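Under the working numbering, the sequence shown is numbered contiguously, ending at residue 358.
Note that beta-carbon positions come from the ideal geometry of N, C-alpha and C, so glycine has one too.
All values derive from a computational prediction rather than experimental measurement.
Structure record follows, encoded as structure tokens.
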Amino acid sequence: MGFLDSLLGRSKPVQPNLDQLFGLPSAAMTLEVTGSFRPTGAGSVCYRKAEGGAFHQVETDVEELLESLDGPRIEVSKDQYGYTWLTSRHSPDDMTGLVTDLHAVNTALQDEGFGSYLLCTLVGFRDDEGRKLALIYLYKRGSFYPFAPLTEPNRDNSLELQMRSELANDLRIEQDLGRWFAVWGAPGL
């Protein structure tokens, strides 16, 4: 960043670090110990589809790779906004396998030049009372935030803030609360 950039208040965007996804197993253990939330075994990557054969080939390669590793636990769906969600399902006690799948999807898209099409990665949790919680990685911000949906359009803000402080040692938490977007009906939640 140059002198004029700092003088004019411009800053460089945070670069994504996909290896941060490997902090999720540690965060899952923290959630189990402190908040009684346990992984559901589901996680998903949200991205915008690009036109053209190169993107289609990468998408096909990723799906085939995950299906060969995991079997039929891969689902692809589209949401009401036109984003594609690739969802992977594992046993709830296989957080490492789930994170490896999600990392592989993100890395494949990024390495082939489609990183700008990635929106977020989500991993779902539930507690004994049936409350839902998602840990969401924002690709373009390189940070995580908790999302605790109630009935749309309500969310459990106090739980989200509690989880922010409990997970601060495990994950890079997004500091700008305005970027803690609701992802209603997201696959894997």
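Around R295, the same chain offers F206, R207, T209, K301, L302 as residues with beta carbons nearer than 8 Å, after the five sequence neighbours per side are excluded.
Rounded to the nearest whole angstrom, the CA to CA distance from L336 to A273 is 24 Å.
With contact defined as three or more Cβ pairs closer than 8 Å, the stretch 262 to 269 and the stretch 187 to 202 are in contact. Cβ atoms of Y314 and W353 stay farther apart than 8 Å, at about 15 Å. With 16 or more other CB atoms across the displayed protein chains lying within 10 angstroms of its CB, G293 is buried. Under the three-state reduction of DSSP output, Y250 falls in the coil class, being neither helix nor strand. Look at P194 here: in three-state DSSP terms it is helix. Per the C-alpha coordinates, the member of T203, T320, T290 positioned closest to T253 is T290. Within the DSSP bridge table, the entry for E244 names T256 as partners.
As computed with DSSP, S334 is found in no beta bridge at all. S334 and N326 have their alpha carbons spaced roughly 13 Å apart. Taking L346 as reference, the option from F316, D339, R258 with the minimal CA-CA separation is F316.
The beta carbons of T256 and P356 sit about 4 Å from each other, so the pair counts as a contact at 8 Å. Under DSSP, G293 forms a beta bridge with A303. Of the candidates K247, E329, T229, Q189, T229 places its Cα closest to the Cα of E281.
Exclusion of the five residues before and after V245 leaves E232, T253, W254, L255, T256 as the residues of its chain whose Cβ lies within less than 8 Å of its Cβ.
Exposure of D188 is indicated by the presence of fewer than 16 other C-beta atoms within 10 angstroms of its C-beta. One alpha carbon belongs to L340, the other to S312, and they sit about 8 Å apart.
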